[in-house]
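Numbering (our numbering), first residue to last: 361 to 554. These notes concern the structure reproduced below.
Shown next, in the form of structure tokens:
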């Protein structure tokens with residue numbers, strides 16, 4: 361059985377799923393991603409997709425495979441974050457080559473999301489700068505980048521991951537989660553900028 365190619369990934373994620381469904385939790389979408397692309401993610405984890413990092417479109421597909429797809433395939437499971445180091449490395453390569461600028465918005469954001477998903481404040485700062493400079497017309501994406509950074513600034517990690525990663529939550533993290541967690545943070549930040 362042959363694996364799907366970069367074009368298959370982009371046709372599915374950009375063409376079929378589309379921007380309005382990228383951030384909607386859906387069992388049906390999660391299952392569809394798993395059914396179609398789990399073997400491709402496994403190939404990436406085994407280092408068999410490195411040749412995809414040769415041009416902007418294939419690099420974008422690779423980043424989607426190792427950053428976005430596991431969040432769908434493994435929702436509520438530690439494996440959702442297992443390929444994050446691969447995604448960050450690919451993203452940094454793509455940005456250094458300015459491949460992100462050769463991809464239209466809104467899909468350009470997928471080159472920045474591995475930095476936004478990082479539990480490292482330097483990566484978070486870079487994500488905010490990239491959204492601000494290279495996607496200046498997408499205020500919503502910038503708001504979410506800032507909200508992710510605020511969690512790392514405040515906690516040094518994402519409290520919402522503690523359960524699946526078997527990390528004990530601090531009292532401050534417990535309070536944050538009890539007060540609505542990330543969605544409440546986004547709403548507070550949105551109110552301040554309105």
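No residue lacks a Cβ here, since even glycine has one placed at the ideal position from N, Cα and C.
The beta carbon of residue 424 is closer than 7 Å to those of 369, 373, 470 in its chain, skipping five residues each way along the sequence. Proximity of the region 395-402 to the region 422-441 meets the contact definition, three or more beta-carbon pairs being nearer than 8 Å. With contacts defined as CB atoms closer than 9 Å, residue 472 and residue 490 qualify as a contacting pair. A Cβ-Cβ contact shorter than 9 Å links residue 440 with residue 430. The shortest CA-to-CA distance from residue 434 to any of 393, 382, 517 is the one to 393. Burial check for residue 387: the Cβ neighbour count within 10 Å stays below 16, so the residue is exposed. Out of 492, 494, 456, 512, the CA that lies nearest to the CA of residue 482 is found in 512. No residue range can be given for residue 522, since it is assigned to no alpha helix (DSSP H) and is classified by DSSP as neither H nor E. In this chain, the alpha helix (DSSP H) harbouring residue 476 covers 473-476.
Secondary structure note for residue 545: its alpha helix (DSSP H) is the uninterrupted segment 541-553. Counting C-beta atoms within 10 angstroms of its own C-beta, residue 384 has fewer than 16 neighbours from the protein chains shown and is therefore classed as exposed.
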